[in-house]
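A.B. asks:
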Amino acid sequence: MLSFLRNLFHTRTWYPLSQVPSGFFTPTRNPGSICSAEQALTLAPFFAAVRLYSTQLGSLPLVTYKQTPSGREHAVLHPAYNLLLKRPNPAQSRAVFMQYIAKELFLHGNAYVLIRWRNNGSPYALYPCPNGAVSRVIVDSEWNKQYEINFGTGAEWHDDSDVIHLMGHSTDGLQGEPVWKYAAESLGLHRQVLEAANNFFNNSVRPSVYIKYPGKISKEADANLKIWLAEQAGGTINTGKPFWLTDGGEVSNINTTTAEDSQIIQGLGASVGDIGRWTGLSPIQLGDFSAAHYNSLSADNTFLYQRSLRPLLDSIEQEINYKLFVDGNTFCEFDTDEILRGDPLTQAQIANIGIQGGWILRSEAREWGGLPPIEGLDTPLQPLNMGTPQPQPGAATPQQPGVTANA
C-alpha cells in the first residue's frame with residue numbers, strides 16, 4: 011500500500027539532453043576543417059565508406075526467429091516478420107530502409123524510427139524519422155526518454171517505447187555523434203590536398219610539345235601555326251593522327267611528369283588510410299588497391315565483418331529486439347550468410363566441412379545456394395570413424411575381460 015502511494019505521488023523531472031555550442035568542449039578547429047555532412051560527402055574516401063556501410067546493411071536480411079525447445083525457427087506468423095524482412099512501410103523496401111538508417115547514423119550520429127502500433131499491440135509499420143524532424147530528446151531522472159518529432163503537421167511527443175533510437179559513437183550513452191565531427195581536420199586535410207591539386211593543374215603551364223624552325227617566323231605565321239596545330243593534333247579525337255610540317259619545322263615532346271605530380275598523387279592516397287581508420291575500414295574497402303593481393307581479399311572481407319559490420323549489427327539487433335518483441339522467445343537477427351556469397355570458395359569449404367561433420371544437412375547447403383530441394387538429403391551424415399562400430403553378420407561377439415564363454 012505504501013509503495014502504491016509513493017508511486018502515485020512520485021514526480022519525474024524531465025530535462026533536455028545537453029545541447030552546447032559546437033566546439034564548446036572541443037579544441038579549436040583548423041579553419042580548413044569540414045563543418046557539415048554535405049562537405050564530408052564530397053570527399054571520395056568518406057563517401058565510399060558511407061556507401062559501403064549502407065549497401066552492406068541493406069543487403070543483409072533481417073529475420074525474425076522464435077525460440078523453441080528444439081532450437082529456433084522462422085516466426086513467419088509474427089507481425090514484425092514481414093516488416094523487418096520485406097517492407098517496413100508502404101513506401102520503402104527493406105534494403106532502402108536500412109540504407110537510409112546507415113546514412114543517418116554516419117552523417118548525423120543518430121537514426122530514429124517511429125513504430126506504428128495496432129490496437130492489439132502489434133506493429134504494422136516502421137517509419138524512419140529524419141534527424142531534422144526530431145526537435146528534442148528529453149530524459150527523466152530514471153533515464154526514460156521522450157522524443158519531440160515534427161513531420162510538418164505540428165510537434166508530437168512520443169514515448170521511448172514508440173521510437174527505435176539507433177546511435178553511433180556516443181559521449182553520454184543517450185545520443186550519438188557523427189563520425190565526421192571528430193574527423194573534421196583529417197577530412198579537411200584531404201580536401202585541402204584535393205583543392206591544391208586542382209589549383210596546381212589548372213594554373214600550371216604544361217604544353218605537351220614544342221615546334222622548332224631553323225629561322226625566324228613572323229607573328230602572323232606563328233598565330234596560324236598554333237591554330238593549325240590545335241586543329242590537326244589537339245584533343246583526344248586527333249590522338250595518333252599524323253601531320254606534316256614544312257620549311258624544316260620539327261616537333262619535340264616535353265616531359266610533363268614532375269616530382270610535384272607524384273607528391274600530390276601520393277598525398278591523396280595517404281589520406282585514404284587515415285579516413286579508413288576513422289570509419290573502421292581498410293584502404294582496400296575504400297578503393298585503394300595499391301597494397302592489395304589476391305590472397306588478402308578473403309582476410310579483408312573477414313575483417314569487414316568482424317571489426318566493422320558486426321558491432322553495428324549487434325547494436326541494431328538489440329534495440330529492435332527490445333522495442334518490438336516483448337517476450338524473450340522472439341527475436342530478430344541479421345542473416346550474415348549473405349556475406350559469404352561474395353566468396354564462393356569459402357562458402358563451399360564451410361558447407362563441405364559441416365556436411366562431413368554431420369552438423370549441416372545437404373538440403374541446407376542446397377538452400378544456401380538457391381537450389382531446389384531433393385528428397386533424401388535431410389539426413390545428417392556421420393563419419394565412420396566417429397560412430398560406434400556395428401557387429402558384422404557371422405562375426406564372433408567380443409568377450410569382456412575375465413569372462414569365459416560356455417562350451
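In the working numbering, the protein residues as written are 11 to 417.
Quick reminder that beta carbons are idealized off the backbone N, C-alpha and C, glycines included.
Does the Cβ of A194 have 16 or more other Cβ atoms within 10 Å, making it buried, or fewer, making it exposed?
C.D. replies: It counts as buried.
A.B. asks: Please classify G164: does DSSP put it in a helix, a strand, or coil?
C.D. replies: Coil, per DSSP.
A.B. asks: Reducing DSSP to helix, strand and coil, say where N141 ends up.
C.D. replies: Of the three classes helix, strand and coil, the one that applies to N141 here is helix, per DSSP.
A.B. asks: Buried or exposed: E260, going by 16 or more other Cβ atoms within 10 Å of its Cβ?
C.D. replies: By the 10 Å Cβ count, E260 comes out exposed.
A.B. asks: Under three-state DSSP, which class holds G198?
C.D. replies: Residue state, collapsed to three classes: helix.
A.B. asks: With DSSP collapsed to three states, give me the class of Q7.
C.D. replies: Because residue 7 is not part of the residues shown, which for the chain are 11 to 417, the question remains open.
A.B. asks: With DSSP collapsed to three states, give me the class of N311.
C.D. replies: Residue state, collapsed to three classes: helix.
A.B. asks: Indicate the three-state DSSP secondary structure (helix, strand or coil) for K333 in the structure shown.
C.D. replies: K333 falls in the helix class under three-state DSSP.
A.B. asks: Work out the CA separation of D345 and L1 for me, nearest whole Å.
C.D. replies: Outside the displayed range of the chain (11 to 417) lies residue 1, so it cannot be described from this structure.
A.B. asks: State the beta-bridge partners of M108 as determined by DSSP.
C.D. replies: Looking at the DSSP assignment, M108 forms no beta bridge with any residue, so it has no partner.
A.B. asks: So, helix, strand or coil for W378, using DSSP?
C.D. replies: Note: W378 maps to helix in three-state DSSP.
A.B. asks: What residues are listed by DSSP as bridge partners for R126?
C.D. replies: For R126, which the question treats as bridged, DSSP gives the partners A135.
A.B. asks: Would you call H179 buried or exposed, if buried means 16 or more other Cβ atoms sit within 10 Å of its Cβ?
C.D. replies: Exposed, because fewer than 16 other Cβ atoms sit within 10 Å of the Cβ of H179.
A.B. asks: So what does DSSP say about G81, is it helix, strand or coil?
C.D. replies: G81 falls in the strand class under three-state DSSP.
A.B. asks: Between the C-alpha atoms of S373 and F107, what's the straight-line distance to the nearest angstrom?
C.D. replies: Distance between the alpha carbons of S373 and F107 is about 32 angstroms.
A.B. asks: Which same chain residues end up closer than 6 angstroms to D310 when comparing Cβ atoms and leaving out the 5 residues on each side of it in sequence?
C.D. replies: The residues are S292 and I294.
A.B. asks: For the alpha helix (DSSP H) that T356 lies in, which residues bound it at each end?
C.D. replies: Its alpha helix (DSSP H) spans residues P354 to G367.
A.B. asks: Who are the near neighbours of Y63 in its chain, counting only those whose CB is closer than 6 angstroms to its CB and skipping five residues on each side?
C.D. replies: Counting only Cβ-Cβ distances below 6 angstroms, and skipping sequence neighbours, we find A112.
A.B. asks: Cβ of C342 within 9 angstroms of Cβ of Y75?
C.D. replies: For C342 and Y75, yes; Cβs fall inside 9 angstroms.
A.B. asks: Say whether the stretch 187 to 202 touches the stretch 130 to 149, bearing in mind that this needs 3 or more beta-carbon pairs closer than 8 angstroms, one atom from each stretch.
C.D. replies: Verdict: no, contact absent.
A.B. asks: For H88, does the three-state DSSP call read helix, strand or coil?
C.D. replies: Residue state, collapsed to three classes: coil.
A.B. asks: So what does D169 bridge to, in DSSP terms?
C.D. replies: For D169, which the question treats as bridged, DSSP gives the partners Q156.
A.B. asks: If contact is defined by three or more beta carbon pairs under 8 angstroms, each pair taking one atom from either stretch, is the stretch 276 to 287 in contact with the stretch 322 to 330?
C.D. replies: The stretch 322 to 330 vs the stretch 276 to 287: no contact.
A.B. asks: Short of 7 angstroms in beta carbon distance, which residues of its chain neighbour L199, apart from the five on each side in sequence? Order them along the chain.
C.D. replies: So the list reads S281, once near-sequence residues are dropped.
A.B. asks: Just the Cα atoms here: how many angstroms apart are P390 and G364?
C.D. replies: Taking the straight line joining both Cα atoms gives about 10 angstroms.
A.B. asks: Closest Cβ-Cβ distance between I349 and chain B: below 9 angstroms?
C.D. replies: No chain B is present in this structure, which holds just one protein chain.
A.B. asks: Taking the beta carbon of N120 as the centre, do at least 16 other beta carbons fall within 10 Å, making it buried, or is it exposed?
C.D. replies: The residue in question, N120, is buried, as its Cβ has 16 or more Cβ neighbours within 10 Å.
A.B. asks: Indicate the three-state DSSP secondary structure (helix, strand or coil) for F34 in the structure shown.
C.D. replies: Its pLDDT being 49, under 50, F34 is placed unreliably by the model, and nothing is read from it.
A.B. asks: Please say whether L334 and A90 have beta carbons closer to each other than 9 angstroms?
C.D. replies: Yes. Within cutoff.
A.B. asks: The beta strand (DSSP E) with T340 in it runs from where to where?
C.D. replies: From DSSP, the beta strand (DSSP E) with T340 extends over T340 to F344.
A.B. asks: What is the DSSP secondary structure of E230, reduced to helix, strand or coil?
C.D. replies: Helix, per DSSP.
A.B. asks: Could you check how far apart the C-beta atoms of I174 and H168 are, in whole angstroms? I think they sit under 8 angstroms.
C.D. replies: With a Cβ gap of about 11 angstroms, I174 and H168 do not count as contacting.
A.B. asks: For I370, which of helix, strand or coil comes out of DSSP?
C.D. replies: Note: I370 maps to coil in three-state DSSP.
A.B. asks: Buried or exposed: where does D298 fall if 16 or more other Cβ atoms within 10 Å of its Cβ makes it buried?
C.D. replies: Flag for D298 reads buried.
A.B. asks: With DSSP as the reference, label G283 as helix, strand or coil.
C.D. replies: Three-state result, G283: helix.
A.B. asks: Could you spell out the range, first to last residue, of the beta strand (DSSP E) harbouring K222?
C.D. replies: From DSSP, the beta strand (DSSP E) with K222 extends over V219 to K222.
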